[in-house]
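If you're matching them up, the sequences are chains Z and V in order.
Residue numbering for the first sequence follows our numbering, starting at 3 and increasing by one per position.
Residue numbering for the second sequence follows our numbering, starting at 3 and increasing by one per position.
Quick reminder that beta carbons are idealized off the backbone N, C-alpha and C, glycines included.
Number of protein chains: 2
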Amino acid sequence: MSLDDAANRIEQALRHALARSCGRSAPPRIAAAMQHAVFPGGQRIRPRLTLSIAAACGDDVPLLSAAGAAAVELLHCASLVHDDMPCFDNAGIRRGRPSVHAAYGEQIALLSGDGLIVLAFETVALAAAADPLRAAALSGVVARAVGMPYGIVAGQAWESEPSPDLVAYQRAKTGSLFAGASMAGAAAAGHDAEPWGALGFCLGEAYQVADDIRDVLCSEAEIGKPIGQDEALGRPNMVRELGVAGAARRLKDLVDEAVASVPACPGQTVLRAEIQSQASRFLPREASRVAA
Amino acid sequence: MSLDDAANRIEQALRHALARSCGRSAPPRIAAAMQHAVFPGGQRIRPRLTLSIAAACGDDVPLLSAAGAAAVELLHCASLVHDDMPCFDNAGIRRGRPSVHAAYGEQIALLSGDGLIVLAFETVALAAAADPLRAAALSGVVARAVGMPYGIVAGQAWESEPSPDLVAYQRAKTGSLFAGASMAGAAAAGHDAEPWGALGFCLGEAYQVADDIRDVLCSEAEIGKPIGQDEALGRPNMVRELGVAGAARRLKDLVDEAVASVPACPGQTVLRAEIQSQASRFLPREASRVAA
Chain Z
3 MSLDDAANRI
13 EQALRHALAR
23 SCGRSAPPRI
33 AAAMQHAVFP
43 GGQRIRPRLT
53 LSIAAACGDD
63 VPLLSAAGAA
73 AVELLHCASL
83 VHDDMPCFDN
93 AGIRRGRPSV
103 HAAYGEQIAL
113 LSGDGLIVLA
123 FETVALAAAA
133 DPLRAAALSG
143 VVARAVGMPY
153 GIVAGQAWES
163 EPSPDLVAYQ
173 RAKTGSLFAG
183 ASMAGAAAAG
193 HDAEPWGALG
203 FCLGEAYQVA
213 DDIRDVLCSE
223 AEIGKPIGQD
233 EALGRPNMVR
243 ELGVAGAARR
253 LKDLVDEAVA
263 SVPACPGQTV
273 LRAEIQSQAS
283 RFLPREASRV
293 AA
Chain V
3 MSLDDAANRI
13 EQALRHALAR
23 SCGRSAPPRI
33 AAAMQHAVFP
43 GGQRIRPRLT
53 LSIAAACGDD
63 VPLLSAAGAA
73 AVELLHCASL
83 VHDDMPCFDN
93 AGIRRGRPSV
103 HAAYGEQIAL
113 LSGDGLIVLA
123 FETVALAAAA
133 DPLRAAALSG
143 VVARAVGMPY
153 GIVAGQAWES
163 EPSPDLVAYQ
173 RAKTGSLFAG
183 ASMAGAAAAG
193 HDAEPWGALG
203 FCLGEAYQVA
213 DDIRDVLCSE
223 AEIGKPIGQD
233 EALGRPNMVR
243 ELGVAGAARR
253 LKDLVDEAVA
263 SVPACPGQTV
273 LRAEIQSQAS
283 RFLPREASRV
293 AA
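Structure follows, in structure tokens:
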């Protein structure tokens, strides 16, 4: 499967899901806000991971892997909408445009996030006829990645604790959805999902380090959201801890670790190359040069 | 199945779900907030409906009907948490205690609602091994009841529209989850869910009329939340439209209509009696006397 094929399958699955839920009978403002939250997207890193792993595992029920990829991305978008709200980051800009609450207000932003969460699970349920047992595994894997006690909801909730468990926080905030994206690909292809979690956690941590580097090195225009937020919000940042070169080394090590962790599967070699290639896009080109 | 059995099965399924997601490894404040949102509960009208209908349809996979009932109630609780938030009703009191945002703050309230939504779908996924095909139907039915374009998220979103479609609003805001609760019971028992939707919509409308009567006739202590909210918030209220006696007549007609709509099933007679009995609890005794 070429990268373009993957991109097309992801956008198509997302378009179908949104068309179903945000059509003419829907209240217009929330329908527009949900579209705004999902299109145009970012790099779609997580659903790409789902499809890459499904392909490596045979992808014999492509309807289900596409549904899994869409679910993972819808949940990611939902988390961005809620995280940007005034009671959290109060971020007015996302992906270079007004965030959902900035464009549609708090009520609609809150409801849009809720609607996207539900749509994720509905998307899996609607694809279940193709293989109900795998669909149930997929739904469970995705729920674990976003819910309590280890998913992104828990990650965000650790930020509201007076003395957060920092390891649990980082794993839950970023790692869990990468792990879920990985496991979703395996589950959709009928493989045991558990062994694929480690790969996702490594990639999630790598992505977090890259995000820390971006927050320090990039311009707002390059990454489409405010920079210097970690310092402003007092969040841990790997660049402050290890310096730029140290953080870049850590990023490389984590991607190597992710590649090494790929479980035995028919497409193991291709998948390893794809992970290296996708991870090279975690940083904009300019930042890669500076960090090298 | 006696009413006590049903109540026990619902509380047990909810306790299991919360124990799984809010145990010792969870961030403590959100874990406490999710417990606060679910226990002690209200009348558990929706999950009771799920179990009554599952029983009438044979309830041969009780693990699945209990999961469906729990999912419906978790989604109901999630909607209350988000509806009470400052950007919507800004309600400080719920079920006679501080609402979740009043007790735990906005951040935790937002995340608790998200966590409860995810937990609902995870609960169904975890019960799926018992019958994956029915579980998929159950998950889809429940998603439709809460999501877009016809579920409670849509209902709440209609309130943010300058010229809402009032029929779509009422059906989505209250009717949809009653319809979902009904269809979930049928789906869990392996029956076609669709024919059970009408019963739920009638009961949902009846419940809404009862709520309108409560809002006008009852004291705050009796219903555990502020009264006179419809007038204060400019919402339609059936008592203002038809008077108390007219609204009470409408309530009775709707319950009769619900009873008449029960599809053919092994337990049809018992179910009809149960619906009448459960609907009689929509109004506190004092209000029933005044409205009679």
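**Q.** Close Cβ partners of A105/Z (< 8 Å) along its chain, the five nearest in sequence each way excluded
**A.** Sequence-distant partners of A105/Z (beyond 5 residues in either direction) whose C-beta falls short of 8 Å from its own C-beta, in its chain, are A35, H38 and R99.
Q. Roughly how many angstroms separate the alpha carbons of L53/Z and H78/Z, rounded to a whole number?
A. When rounded, the distance between both Cα atoms is 16 Å.
Q) How about the region 205-213 of chain Z and the region 244-264 of chain Z: do they share at least three Cβ pairs that are nearer than 8 Å? A) Of all C-beta pairs linking the region 205-213 of chain Z to the region 244-264 of chain Z, three or more are shorter than 8 Å, placing the two stretches in contact.
Q) In chain order, what residues of the region 173-200 of chain V put their CB closer than 7 Å to some CB of chain Z? A) Going along the region 173-200 of chain V in chain order, one finds no residue with a Cβ nearer than 7 Å to chain Z.
Q: Compute the Euclidean distance between the alpha carbons of G199/Z and L179/Z, then round it to the nearest angstrom.
A: Straight-line spacing of the CA atoms in G199/Z and L179/Z works out to 10 Å.
Q) At a Cβ threshold of 8 Å, is C79/V touching chain Z? A) No, no contact with chain Z.
Q: Please list, in chain order, all residues of the same chain as F284/V whose beta carbon is under 6 Å from its beta carbon, the five residues on each side excluded.
A: Here the set comprises Y209 and A212.
Q) Considering only residues of the same chain and omitting the five flanking positions on each side of E75/V, which have a CB-CB separation below 8 Å? A) So the list reads I12, L16, V40, G43, R46, R48 and P49, once near-sequence residues are dropped.
Q) Any C-beta of chain V sitting closer than 8 Å to the C-beta of F123/Z? A) So, interface residue.
Q: Classify P197/V as helix, strand or coil using the three-state DSSP reduction.
A: Helix at P197/V.
Q.
I believe A289/V touches V257/V by the beta-carbon criterion, under 8 Å. Please report the beta-carbon distance rounded to the nearest angstrom.
A. For A289/V against V257/V, the beta-carbon gap comes to about 15 Å, at or over 8 Å, which does not count as contact.
Q: With DSSP collapsed to three states, give me the class of I95/V.
A: Three-state result, I95/V: strand.
(Q) So if I threshold CB-CB distances at 8 Å, which residues from the region 27-58 of chain Z count as touching chain V? (A) Under the 8 Å Cβ criterion, the region 27-58 of chain Z contributes S27, A28, P29, P30, R31, I32, A33 and M36.
Q. Is DSSP giving P42/Z helix, strand or coil here?
A. Looking at P42/Z - three-state DSSP - the assignment turns out to be coil, as it is neither helix nor strand.
Q. Within this structure, are the beta carbons of I215/Z and A249/Z separated by less than 8 Å?
A. In this structure, I215/Z lies near A249/Z, with their beta-carbon atoms less than 8 Å apart.
Q: Whole angstroms is fine: what's the gap from D7/V's alpha carbon to R274/V's?
A: If you take the alpha carbons of D7/V and R274/V, they lie about 18 Å apart.
Q) When burial is assigned at 16 or more other CB atoms within 10 Å of the CB, is A186/V buried or exposed? A) Label assigned to A186/V: buried.
Q | Closer than 8 Å to chain Z by CB, C267/V | A | So no, C267/V is outside the interface.
Q) Which residues, in order along the region 207-219 of chain V, keep a beta-carbon less than 7 Å from a beta-carbon of chain Z? A) The residues in question: there are none.
Q: Name the two residues that bound the continuous alpha helix (DSSP H) containing R50/Z.
A: Start and end: I47 to A58.
Q: Please determine, among A127/V, Y152/V, K227/V and Q158/V, the residue with the shortest C-alpha to C-alpha distance to L140/V.
A: Nearest of A127/V, Y152/V, K227/V and Q158/V to L140/V, Cα basis: A127/V.
**Q.** Terminal residues of the alpha helix (DSSP H) in which R251/Z lies
**A.** Where R251/Z is concerned, the enclosing alpha helix (DSSP H) stretches over M240 to A262.
(Q) Let's see if you can read the secondary structure: which residues bound the alpha helix (DSSP H) around M185/V? (A) According to the DSSP assignment, M185/V belongs to the alpha helix (DSSP H) that extends over S178 to A190.
(Q) Please report whether the beta-carbon of S23/Z lies at a distance below 8 Å from any beta-carbon of chain V. (A) At a cut-off of 8 Å, the C-beta of S23/Z has a neighbouring C-beta in chain V.
Q: Give the residues of chain V in contact with Q158/Z, contact being defined as C-beta atoms less than 7 Å apart.
A: Residues of chain V passing the Cβ test: L113.
Q | Pairwise C-alpha distance: D85/Z and W160/Z | A | When the Cα atoms are used, W160/Z and D85/Z turn out to be separated by approximately 13 Å.
Q. Within the chosen definition, does the region 52-67 of chain Z reach the region 260-268 of chain Z through at least 3 CB pairs nearer than 8 Å?
A. Under the 8 Å Cβ criterion, the region 52-67 of chain Z counts as touching the region 260-268 of chain Z, having at least three qualifying pairs.
Q. Does the region 142-149 of chain Z come close enough to the region 107-124 of chain V that 3 or more CB-CB pairs lie under 8 Å?
A. With a cut-off of 8 Å, the region 142-149 of chain Z and the region 107-124 of chain V count as touching, because enough Cβ pairs lie within range.
Q: Please report the Cβ distance between G115/V and V83/V, rounded to the nearest whole angstrom; I am assuming they are in contact, meaning their Cβ atoms lie under 8 Å.
A: With a Cβ gap of about 4 Å, G115/V and V83/V count as contacting.
Q. The region 141-153 of chain Z: which residues have C-beta closer than 8 Å to a C-beta of chain V, in chain order?
A. Sequence-ordered contacts of the region 141-153 of chain Z with chain V read S141, G142, A145, R146, V148, G149, M150, P151, Y152 and G153 [C-beta pairs closer than 8 Å].
Q: Can you pull the chain V residues whose beta carbon is under 8 Å from the beta carbon of R134/Z, in chain order?
A: Looking at the sequence shown, residue 134/Z is not Arg but Pro. Ordered by position in chain V, the residues that pass the 8 Å Cβ test against P134/Z are A130, P134, L135, A137 and A138.
Q. Alpha carbon to alpha carbon, how far is C220/Z from G245/Z?
A. Going from the Cα of C220/Z to the Cα of G245/Z covers about 15 Å.
(Q) Taking its Cβ as the centre, do 16 or more other Cβ atoms sit within 10 Å of E243/V, making it buried, or is it exposed? (A) E243/V is exposed by the Cβ-count criterion.
Q) Since L77/Z is in the alpha helix (DSSP H), which residue starts that stretch and which ends it? A) For L77/Z, the uninterrupted alpha helix (DSSP H) run begins and ends at P64 to D85, by DSSP.
Q) Thinking C-beta only, is P228/Z closer than 8 Å to V111/Z? A) Inspection of the sequence shows that residue 111/Z is occupied by Ala rather than by Val. Taking 8 Å as the Cβ cut-off, A111/Z and P228/Z do not qualify as a contacting pair.
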